[in-house]
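These notes are about the structure you will find just below.
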Amino acid sequence: MKLHSYWTDSAPLFAPAQEALPARADVVIVGGGFTGLSAALALAKRGAKVVVLEAGAVAGEASGRNGGHVNNGLAVDYALLAERVGSEKAGDWYRAYDAAVNTVAQVIREENIDCYFERNGKLKLASRPAHYDTLARGLDRLRREVDADVELLNASQVRQEVDSDKFYGGLLQKRSGQMHMGCFAVGLAQAAIKHGAQIHAQTPAMKLERITSTGHAHRVHTARGVIEAAQVLVATGATLHGNYGSYGFWRRRIVPIGSFIITTESLGRERALKVLSGRRTYTTTANIHNYFRLTHDDRLVFGGRARFAMSSPQSDAKSGLILQQALAQMFPQLGDVRIDYCWGGLVDMTQDRLPHAGQHNGLYYSMGYSGHGTQMSVHMGQCMARVMGGELSANPWRDLRWPAIPGHFGPPWFLPAIGLYYRLKDKLL
Ligand SMILES: Cc1cc2nc3c(=O)[nH]c(=O)nc-3n(C[C@H](O)[C@H](O)[C@H](O)COP(=O)(O)OP(=O)(O)OC[C@H]3O[C@@H](n4cnc5c(N)ncnc54)[C@H](O)[C@@H]3O)c2cc1C
-3 MKLHSYWTDS
7 APLFAPAQEA
17 LPARADVVIV
27 GGGFTGLSAA
37 LALAKRGAKV
47 VVLEAGAVAG
57 EASGRNGGHV
67 NNGLAVDYAL
77 LAERVGSEKA
87 GDWYRAYDAA
97 VNTVAQVIRE
107 ENIDCYFERN
117 GKLKLASRPA
127 HYDTLARGLD
137 RLRREVDADV
147 ELLNASQVRQ
157 EVDSDKFYGG
167 LLQKRSGQMH
177 MGCFAVGLAQ
187 AAIKHGAQIH
197 AQTPAMKLER
207 ITSTGHAHRV
217 HTARGVIEAA
227 QVLVATGATL
237 HGNYGSYGFW
247 RRRIVPIGSF
257 IITTESLGRE
267 RALKVLSGRR
277 TYTTTANIHN
287 YFRLTHDDRL
297 VFGGRARFAM
307 SSPQSDAKSG
317 LILQQALAQM
327 FPQLGDVRID
337 YCWGGLVDMT
347 QDRLPHAGQH
357 NGLYYSMGYS
367 GHGTQMSVHM
377 GQCMARVMGG
387 ELSANPWRDL
397 RWPAIPGHFG
407 PPWFLPAIGL
417 YYRLKDKLL
């Protein structure tokens, strides 16, 4: 079993020519995940001189380590959000995810990226009868206000396409998609380079020094030199690099939470379709939930929180064993399949589970996709390019307040307590 991501392992090699860092740029983007790469593509297409600085490998963190879902819909319950902020705002945010899936499709089309993108919908599977009732209660409002295509499936309808007796029904969101994340990442990075962006891997931006107290220009300090940039976009997700003075604002607001994935050997087309005939993306409604889908080569990619822990090869392997048990319970007929890959990554969780984007002290930023960001990161890269060109209304999250999380300064010391709470909730509700 390989302890790294199937997506990066099976993607084409990405090895851009190593150039010297320039002394000046129009825009420096800190972070070479989907947010940073997508912004680089959009800005370079507008003629800006763009430099992406990535601390590790390009798309080596969440963007190359996720479950491969490109889903529409919010990460939070629509009805609850609408109660809190009103239907108009909640509706705008819900529709931002439709737009985000469309953006992914558009980038793939325009840049001709070969990444097995398919739009087969997402099925949210009710793990308990009460969860099905909640899905049913929210259906009318969802259909009326934001998603006329959404459909409720009862237990026997679900059983016809998901060969497991563990579910009590499900909600089908037909606008969702899926893709091969490694192929997409390489295609996106190559497209950005083709349009003139420079991408520097293994180059952490250690310090961001504002040149004047009111402007956007910064000196970006790296071990390879300093770049003066007229604008800087911070697109660092959940990974911590660089000094606290430069990144403390985001560290007090983003909680990095581990999520883990196993991937089976190829099941073969016939067996794969017997288990999941719709080839959709699937998530369960349990508090410590699972998410899964088939790949183009008929592997099952099966993920979940498993343990409330950070990701490291040792931690990933421990979580992998828990996921293997969960997989065998859900699909006993797959109890004998070989697990070829096991990995983990960090989700950039926010307190309200909504993305946050805007400006802070002259720095532009977009992050906090809360485990639901393969589409939104690509979309926000494009939106932030427009915002940086002066079109502030291009940011769908511009009105959202983002207070710091009390007692949180970086590493999430409180995760074990949260894990215990959700485990208890799963036992009781
Ligand atoms: C295990 C897992 C499963 C997931 N599954 C799904 C899913 O199925 N569907 C979905 O929609 N979302 C999913 N997500 C979330 C999704 O992958 C992310 O929301 C999205 O990829 C975020 O992209 P990003 O570019 O903002 O962040 P990242 O991909 O994390 O990129 C940020 C980059 O910034 C770099 N960086 C940080 N600090 C510095 C610095 N100082 N200097 C230079 N570089 C720096 C990091 O090295 C990193 O590469 C999952 C995430 C994980 C971890």
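With this note's numbering applied, the sequence shown corresponds to residues -3 to 425, in that order.
Ideal placement from N, C-alpha and C gives every residue a C-beta, glycine not left out.
Only a predicted model underlies this, so the values are computations on that prediction, with no experimental measurement involved.
{"Check": "Any non-hydrogen atom of ligand 1 closer than 7 Å to T346 Cβ", "Outcome": "no"}
{"Check": "Contact set for H237: own chain, Cβ-Cβ below 7 Å, skip 5 residues either direction", "Outcome": "A51 and P200"}
{"Check": "Exposure of E84, with buried meaning 16 or more beta-carbon neighbours within 10 Å", "Outcome": "exposed"}
{"Check": "Distance, L184 Cα to K190 Cα", "Outcome": "10 Å"}
{"Check": "Proximal residues to Y128 (C-beta, below 7 Å), its chain only, five neighbours per side dropped", "Outcome": "A122, Y164 and G165"}
{"Check": "Cα-Cα separation between A95 and H285, rounded to whole angstroms", "Outcome": "26 Å"}
{"Check": "A193 versus T277, V48 and V271, residue with shortest Cα-Cα distance", "Outcome": "V48"}
{"Check": "Selection from L76, M384, T208 and E261 that minimises the alpha carbon distance to L296", "Outcome": "E261"}
{"Check": "Selected residue, minimal CA-CA separation from A126, among A58, F405 and N283", "Outcome": "N283"}
{"Check": "Beta-carbon spacing of L204, S242 below 8 Å", "Outcome": "yes"}
{"Check": "Enclosing alpha helix (DSSP H) for D395 [first to last residue]", "Outcome": "No alpha helix (DSSP H) contains D395, which DSSP labels as neither H nor E."}
{"Check": "Buried versus exposed call for E79 [16 or more other C-beta atoms within 10 Å across all chains shown]", "Outcome": "exposed"}
{"Check": "Cutoff 8 Å: L204 Cβ touching any chain C Cβ", "Outcome": "Within the model displayed, chain C is absent; a lone protein chain is all it includes."}
{"Check": "Alpha carbon of V251 to alpha carbon of E57, nearest angstrom", "Outcome": "15 Å"}
{"Check": "Exposed unless 16 or more other CB atoms sit within 10 angstroms - verdict on G29", "Outcome": "buried"}
{"Check": "Top-ranked residue by Cα proximity to T218, from A226, S209, I207 and H196", "Outcome": "H196"}
{"Check": "Beta-ladder partner(s) of V24, from DSSP", "Outcome": "V47 and V228"}
{"Check": "The region 351 to 369 touching the region 262 to 269, judged by at least three CB pairs closer than 8 Å", "Outcome": "no"}
{"Check": "Closer than 7 Å: M363 CB and nearest ligand 3 heavy atom", "Outcome": "In the structure on display, ligand 3 does not appear, and the ligands it does have are ligand 1."}
{"Check": "Spatial distance of Q102 from I109 (CA atoms)", "Outcome": "10 Å"}
{"Check": "Closest by C-alpha distance to Q227, when choosing among L319, M177, M380 and A7", "Outcome": "M380"}
{"Check": "Any non-hydrogen atom of ligand 1 closer than 7 Å to Y287 Cβ", "Outcome": "yes"}
{"Check": "Contact set for K170: own chain, Cβ-Cβ below 6 Å, skip 5 residues either direction", "Outcome": "G117 and D145"}
{"Check": "For L9, the first and last residue of its enclosing beta strand (DSSP E)", "Outcome": "Neither: L9 is in no beta strand (DSSP E) and is coded neither H nor E."}
{"Check": "Cβ shell of G176 (< 6 Å), same chain only, five flanking positions each side left out", "Outcome": "At residue 176 the sequence reads His, which differs from the Gly that was named. Answer for H176: C111 and Y112, listed in chain order."}
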